[in-house]
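In numbering that gives the first Met the number 0, the protein residues as written are 0 to 651.
A virtual CB, placed ideally from N, CA and C, is assigned to each residue, including glycine.
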Amino acid sequence: MARSEVDRQIEETVEAVALGVARLLSGREMDGVARTDATFFKRGTRVLDGVEGTVRRASYRPGWQRAGARLLTLGALGASGWSYYDDPDGTMALLHEAQDLAPTIGGAAGGLLLAGGVLHRVRTRGRRELMREWVEPLHLALKEPLGIPEGTRPEAYLHVPLNFSDDDAEIRIDLPVDLQFNEQKVSEMVVKKLALQGVSFSWKYDGREPYVLVKKVHRPPSKVVFADPKVRELVQKVPESAPLIGLERGHKIVSVDLDAESPHVLVSAGTGGGKSVILRTIASQLIHHGAHAYILDFKRVSHLWARGVKNVRYCRDIADIHDALIALGAEGRRRIHAAEQLSDDADPSEVGPRIVILLEEINATMKQLNRYWEKIKEKGDPKISPAVDALAEILFMGRAVRLHVLLVAQSATARALGGPEMRENFATRILARYTQNAWRMLVPEVQPAPKSTRHIGRAQVVLGGVAHETQVMFMTDAEARAWAQAGAASEPSVTLDKAERTQGPRDPAHPVLLGKHPTQDPGTQGISDKTTEVGLGRTQDGSPGPDIAAGLAEGADAGPSRLAEPDFEALAEPAAPEAGDALVTLREAQQEHLPQLTLEALRMARKKDPDFPASAGKKGQQMLYRVSDLLKWERNRITASSAAVEEGPDAA
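The following block contains the structure:
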């Protein structure tokens, strides 16, 4: 039988009542429309999409609070009604008594309410000012970037403490679940609207409640100097393979382990960014522990502290830089062969002492190396400079051969370094006074990019995708020289000079030797139109010649100890003596080979210049010198004009 209209209305009424009771007891909106993301236990933080108009404060409360308030109200009304039903006279009498006491009670209650209101206004004054001056403007700025619905109360998702500008303050911003926003734009808005400086953003995306925490970044110390006894103590404690670079916030040590983390270090900084200071800090510590340093400095005066320091070869002329890279590449290949024959638990130092290569101003140096090779190469020689190839080999060899490159560049583009694959060998990158373009090019994985600062000695040390704001340790030239010379010395592993032709025994610790190169006018920086032999015992393309190859082959049969020593007997006797190896007095050298210098200047240099070549014999009472040694010294000596460059801002 079909239902009547009355039955249908009764059923709808019962359903509506049941639904209303369920909403009442569960704390849901009575009209059934959810306006916020509040649940029964969780407070609401944002207005739901599609909700229009102003949302009541009660809509943000969790369901249990709304249900409790409703039940208390219903309970009070029910108790009053039951009291009147059970005892009408008593209830009315109680109401009359309350009416008589109303003025007294009302006055007291009014006074309490007034005092409470005044106290509340006083206590919440700071909060109201915070909302009016900071939170609400921030809410208006973030509505569009975050996609915040209209009607959302700012305090529902912006948790800004009163002391948000203090060092230990923490700001939390709840994010939309869909994550459809631009991090950088949100970060910029927060920094601008709250006038923040030096803050970090920690983004949490997982789960149903994504948020971002904004905290003050504690700055590194304003100055870190080696003269400080505490800093010197830290330098003494760091491992030999992990020289101290500087200190970050909390006075934490910032260092890079060349054996365990990154064998090579890239330093990119603008003018005055302290590139040479960073290299001086790292290199002096490595030399202190017995490392050998090869400073390839086309600027000629970047590291005057290293003049005369043991185990340091300073190459200023482009021809010498060319030779040095070829020699170091050969040394790396020798060490690879030696490492192959070592056992797994062997000491890595058995392949040879640590070698650190300081390569200054790679942008200019690479151009000069290629130009120099174009000048000296002969028909049939490879197009690419063997020195550039040798640098690529060294970068790819890794930490096993204990060769480390500390490279400096104003703009470390892939083209300047010989390709993007060469740049990827620098796992540690130090940036100072950088541009946003330089940051995106070198460390795009670290975002947002921290703002560059002109604070002297401040740099960003990026290792493993994490940027450490660091105050670089400053060592004066005298301190760096003294610290480097105070350490333990080890036998030299590479020499770029021709084999010594003295009557005494030859040092067996030199595995690679290169001959002299054509002499040039120092003003040309080694660029010459003449084409001559590249090196003793080596072919024109920089590969080992037959004599060195034979020596390596014999060493391979004898084991690692022999492998570290090429056949020096094959190199000891040249096919014919060269004019550059003639022994002359200073007077003869000045008259025949160095007319641009006076005899008095040569004698003064012999007395005061630590780089002046040692004598190779005596003729009566006069010292004799090799012409090749004197010419090489002349190419690389410090002149008054070049020394003036060191007084630029980068030297500090």
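DSSP state of residue i mapped onto helix, strand, coil
| i | result |
| --- | --- |
| G245 | strand |
| Q484 | helix |
| M622 | strand |
| Q179 | coil |
| Y293 | strand |
| G19 | helix |
| L193 | coil |
| K274 | helix |
| F40 | coil |
| L402 | strand |
| A268 | strand |
| F225 | coil |
| G125 | helix |
| Q470 | strand |
| S451 | coil |
| F395 | helix |
| G110 | helix |
| E10 | helix |
| I637 | coil |
| S186 | helix |
| T475 | coil |
| V311 | strand |
| K617 | strand |
| A431 | strand |
| E4 | helix |
| D173 | strand |
| H288 | coil |
| H119 | helix |
| V387 | helix |
| L416 | helix |
| V465 | strand |
| L582 | strand |
Chain-order list of residues whose beta-carbon lies under 6 Å from that of residue i (same chain, five-residue window excluded)
| i | result |
| --- | --- |
| G19 | none |
| R353 | A290 and R401 |
| K192 | P136, L137 and A140 |
| A338 | V350 and A399 |
| S348 | none |
Same chain, Cβ closer than 8 Å to residue i, neighbours up to 5 away in sequence not counted
| i | result |
| --- | --- |
| R218 | G197, R248 and E468 |
| P609 | R306 and G307 |
| Q64 | G26 |
| G62 | S25, G26, R27, A37, T38, F39 and F40 |
| S221 | H454 and Q470 |
| M365 | V387, A415, L416 and G417 |
| D256 | P238, S240 and A241 |
| V134 | P153, E154, L157 and V159 |
| R457 | P219, A431, E468, T469, Q470 and V471 |
| S186 | F200 and P447 |
Neighbourhood of residue i by C-beta distance below 7 Å, restricted to the same chain and skipping five residues each side
| i | result |
| --- | --- |
| G146 | P175, Q179 and F180 |
| E444 | G464 |
| A574 | Note that A574 scores 40 on pLDDT, short of 50, meaning its location in the model is unreliable and no value can be drawn from it. |
| R657 | Not covered by the structure: residue 657. The range shown for the chain is 0 to 651. |
| S254 | V237, A241, P242, L243 and I244 |
Start-to-end residues for the alpha helix (DSSP H) that takes in residue i
| i | result |
| --- | --- |
| A411 | No alpha helix (DSSP H) holds A411; DSSP gives it neither H nor E. |
| I320 | I317 to E339 |
| W438 | Q435 to L441 |
| K142 | E135 to L145 |
| L585 | L585 to E591 |
| R724 | This structure cannot speak to residue 724, because the chain is shown only from 0 to 651. |
Extent of the continuous beta strand (DSSP E) to which residue i belongs
| i | result |
| --- | --- |
| T597 | From DSSP, T597 is part of no beta strand (DSSP E); its letter is neither H nor E. |
| I252 | K251 to S254 |
| A458 | R457 to L462 |
| V198 | V198 to K203 |
| Y210 | Y210 to K215 |
Please determine if the segment 424-433 and the segment 361-376 are in contact, where contact requires at least 3 C-beta pairs separated by less than 8 Å.
Not touching, per the Cβ criterion.
With three or more C-beta pairs closer than 8 Å as the rule, is the segment 303-316 touching the segment 378-390?
No, the segment 378-390 does not touch the segment 303-316.
Kindly confirm or deny that the segment 402-409 and the segment 274-281 touch, where touching means at least three C-beta pairs closer than 8 Å.
With the cut-off at 8 Å, the segment 402-409 and the segment 274-281 touch.
Sufficient close CB pairs (3 or more, under 8 Å) joining the segment 221-236 to the segment 466-482:
Enough Cβ pairs lie closer than 8 Å, so yes.
Complete alpha helix (DSSP H) runs within the segment 344-385 (minimum length 4 residues, chain order)
Segments of the alpha helix (DSSP H) lying fully in the segment 344-385: 361-375.
Let me know the alpha helix (DSSP H) ranges lying completely inside the segment 25-96, each 4 residues or longer, listed in chain order.
62-85, all fully within the segment 25-96.
Between the segment 233-241 and the segment 185-205, are three or more C-beta pairs nearer than 8 Å?
The segment 233-241 makes no contact with the segment 185-205: fewer than 3 CB pairs, one atom from each, lie closer than 8 Å.
Does the contact criterion of 3 or more C-beta pairs under 8 Å hold for the segment 26-40 versus the segment 62-76?
Verdict: yes, contact present.
Count the C-beta pairs between the segment 612-628 and the segment 581-595 that are closer than 8 Å, then say yes if the count reaches three, no if not.
When Cβ pairs closer than 8 Å are counted between the two stretches, the segment 612-628 is seen to touch the segment 581-595, the count reaching three or more.
Can at least three beta-carbon pairs, one atom from the segment 318-334 and one from the segment 390-399, be found at a separation below 8 Å?
With the cut-off at 8 Å, the segment 318-334 and the segment 390-399 touch.
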